[in-house]
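Per numbering that gives the first Met the number 0, the sequence shown starts with residue 0, numbered consecutively. Presented below is the structure to which this report refers.
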Amino acid sequence: MGWELPDRYFSHQELGDAFMLVTPGRNWLYIAHPDMVMEVTRRRDDFPRCVELTQVLDVFGPHVGSVEGQQWVTQRKLMASCFNEQYNETVWSESISQAQDMIRYWTSRPSIRSTANDLRTLSLDVLSKSGFGKSFKFEGYEETSHVDPSASYKDSLQLILEHCILIIAMGPGFFTKMPWLPLKYRQIGQAVTAFQKSMTDMYESEKASVAQGRSGTATNRTFISSLAKASLDAKQGEGLTEREIYGNIFVINFAGHDTSSRVFTFAVYFLAANPEVQDWLSEELRSVLGDLPSHEWNYATQFPRLKRCLAVLYETIRLYTPVPVTKWTKGNTQTLKVGDETLVLPPNTMICLAYSSLQTDPRWWGSDSLIWKPSRFIKSAGIDSSLKGREGKVKDEEFLQPKRGTFVGWSEGARDCPGRKFSQVEFVATIASLFRDWRVDPVTFEGETIEGARERVLDLIKNDSAMVLLQQMLHPERAPLVWSKR
């Protein structure tokens, strides 16, 4: 994993829609045709997700991404019930509130190098409020009081996520049971202990509320209240065990926070390098939101109309999908049709949906497939000529859903991402808050033109991004940004 991003569609262009990497460990089949992708994702029992890969996130217990069979059915049903429209309204309002505080922080400084850190904070704060009922005021990176990592749920979780690879590799017990470790590692252990205690306290409190009929109603239920109810159902053999509760709390935090913040960072830097797209966004935002104060923005009526904001999300994920999708044949022999041929796949064959090829192949995306161009997702019926300037109202625009199998940003089939709508609402609300009244540019270095600075940002995105645990920009701080009023 990792070579696919710079390779894009070129290997498949040379070798065909499917090729096999033969290794001493396993065989890896890479598929890059939408028909094959849809067949693999439809045949969930024949080509299950390889839970051996996702079980690395069983830091606090098994979760929806790491179980199979009836366990998966139960957990997936619960996750789906959590992501409802009432929940999305909370995501919408909290994202706006956090983004407004963040833009105030960014515009109070001559330049910002902490874009990625601040977007991680925003994403964590939104998830804390909407998922777990815990409110935090946004603090910029330079404002943050660096307290003991065991001081709060948020601080402990933030430290765990920052060192997630290390915790996965060594196991949480390594950091909590070794008093002779260096201070940095002991702090990780303290954070693990504190987060476990926070989860237990939240869970026990909510479980008591559920038992007494005082838990959240259908209109204000959080993840934790839904999970607590599920744990009580487990006593009748229908819900989740306590370890599954803790495992899902952690993976919701990991998936709902880390993936979102990585995509946010790519998007903001792409926008900084493309002022014409910022103007295009502002045109839509002025048309839909006008001069309404942000606290009056309405999820039900305005979110569906912000199609250009959504297009920025799709286009960013198209080029930089944070999480690749991997299936396998498990212990069985399977067949898969490739063009006019039928492949016979032996047991334990890994199957990679070649996201970087699928999502940049000129056959599906045109000759400009390697260029970041959000407008490719918008079909316009024209512009109302009675309205002039940047506030001109684009009418009857349609969001163009990509052809099935050519876009796997949230996976496909029954095991697609249950948080798809969550991520879309959070992204659109945040982008609207940032770009209705503000614009962003890269800071120019000595002797550099603004055009040169924008090219430098695009080069940084292309050449300094890689798969760590997720696809991410490695050193975004190397390109400071400056925000200004429109």
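The C-beta atom is built at its ideal place from N, Cα and C for all residues, glycine as well. Keep in mind it's a predicted model, so treat the numbers as computed, not measured.
Bounding residues of the alpha helix (DSSP H) (the contiguous stretch that carries residue i)
i: residue 198; result: 182-210
i: residue 265; result: 258-271
i: residue 35; result: 33-41
i: residue 101; result: 84-106
i: residue 318; result: 306-318
i: residue 76; result: 68-81
i: residue 429; result: 419-434
i: residue 374; result: It is not in any alpha helix (DSSP H) - residue 374 carries neither H nor E in the DSSP assignment.
i: residue 285; result: 274-288
i: residue 13; result: 9-14
i: residue 364; result: 361-364
Beta-bridge partners of residue i, as assigned by DSSP
i: residue 111; result: 480
i: residue 408; result: 410
i: residue 441; result: 480
i: residue 48; result: 326
i: residue 4; result: Looking at the DSSP assignment, residue 4 forms no beta bridge with any residue, so it has no partner.
i: residue 487; result: No information on residue 487 is available, as it lies outside the stretch 0 to 485 that the chain covers here.
i: residue 250; result: Per DSSP, none; premise fails for residue 250.
i: residue 169; result: Bridge partners of residue 169: none, in fact.
i: residue 344; result: 333
i: residue 397; result: 378
Residue i and residue j closer than 8 Å at C-beta
i: residue 58; j: residue 174; result: no
i: residue 227; j: residue 206; result: yes
i: residue 11; j: residue 356; result: yes
i: residue 436; j: residue 484; result: yes
i: residue 201; j: residue 245; result: no
i: residue 30; j: residue 352; result: yes
i: residue 221; j: residue 130; result: yes
i: residue 403; j: residue 37; result: yes
i: residue 113; j: residue 132; result: no
i: residue 82; j: residue 417; result: yes
i: residue 272; j: residue 481; result: no
i: residue 100; j: residue 137; result: yes
i: residue 333; j: residue 438; result: no
i: residue 301; j: residue 288; result: yes
i: residue 316; j: residue 262; result: yes
i: residue 314; j: residue 361; result: no
i: residue 283; j: residue 307; result: yes
i: residue 350; j: residue 378; result: no
i: residue 115; j: residue 479; result: no
Residue nearest to residue i in terms of C-alpha spacing, selected from the options
i: residue 28; options: 285, 282 and 345; result: 345
i: residue 4; options: 470, 474 and 84; result: 470
i: residue 427; options: 110, 16 and 90; result: 90
i: residue 95; options: 434, 447 and 349; result: 434
i: residue 252; options: 97, 154 and 42; result: 154
i: residue 376; options: 266, 311 and 61; result: 311
i: residue 164; options: 467, 42, 444 and 39; result: 467
i: residue 186; options: 373, 156 and 203; result: 156
i: residue 194; options: 203, 210, 158 and 78; result: 158
i: residue 473; options: 86, 284 and 260; result: 260
i: residue 442; options: 360, 80, 108 and 41; result: 108
i: residue 75; options: 49, 45, 9 and 239; result: 239
i: residue 452; options: 274, 306, 399 and 184; result: 274
i: residue 328; options: 264, 43 and 341; result: 43
i: residue 178; options: 16, 79 and 188; result: 188
i: residue 65; options: 316, 242 and 367; result: 242
i: residue 48; options: 105, 71 and 35; result: 71
i: residue 420; options: 286, 46, 17 and 80; result: 80
i: residue 291; options: 338, 431 and 168; result: 431
Chain-order list of residues whose beta-carbon lies under 6 Å from that of residue i (same chain, five-residue window excluded)
i: residue 330; result: 346
i: residue 324; result: 352, 407 and 410
i: residue 405; result: 33, 357 and 363
i: residue 122; result: 256, 259 and 260
i: residue 40; result: 411 and 412
i: residue 19; result: 26 and 28
i: residue 388; result: Residue placement at residue 388 cannot be trusted, given a pLDDT of 46 that sits under 50; what the coordinates show is reported in the next sentence. Excluding positions up to five away in sequence, the list is empty.
Residue interval of the beta strand (DSSP E) (run including residue i)
i: residue 18; result: 17-21
i: residue 337; result: 333-337
i: residue 325; result: 325-327
i: residue 498; result: Outside the shown range of the chain, which is 0 to 485, sits residue 498, and nothing can be said about it.
i: residue 465; result: 464-466
i: residue 152; result: Not the beta strand (DSSP E): residue 152 falls in the alpha helix (DSSP H), residues 152-161.
i: residue 471; result: 470-472
i: residue 240; result: Premise fails: residue 240 is in no beta strand (DSSP E) and is neither H nor E.
i: residue 300; result: From DSSP, residue 300 is part of no beta strand (DSSP E) but of the alpha helix (DSSP H) over 298-301.
Residue i: CB within 7 Å of a non-hydrogen atom of the ligand MN
i: residue 120; result: In the structure shown, the ligand MN is absent, as is every other ligand, since no ligand is present at all.
Cut-off 7 Å between Cβ atoms - residues of its own chain near residue i, not counting five sequence neighbours on either side
i: residue 126; result: 252, 255 and 256
i: residue 309; result: 398, 423 and 427
Beta-carbon proximity list for residue i, same chain, < 8 Å, skipping 5 on both sides
i: residue 7; result: 355, 356, 359 and 369
i: residue 166; result: 58, 159, 174, 187 and 191
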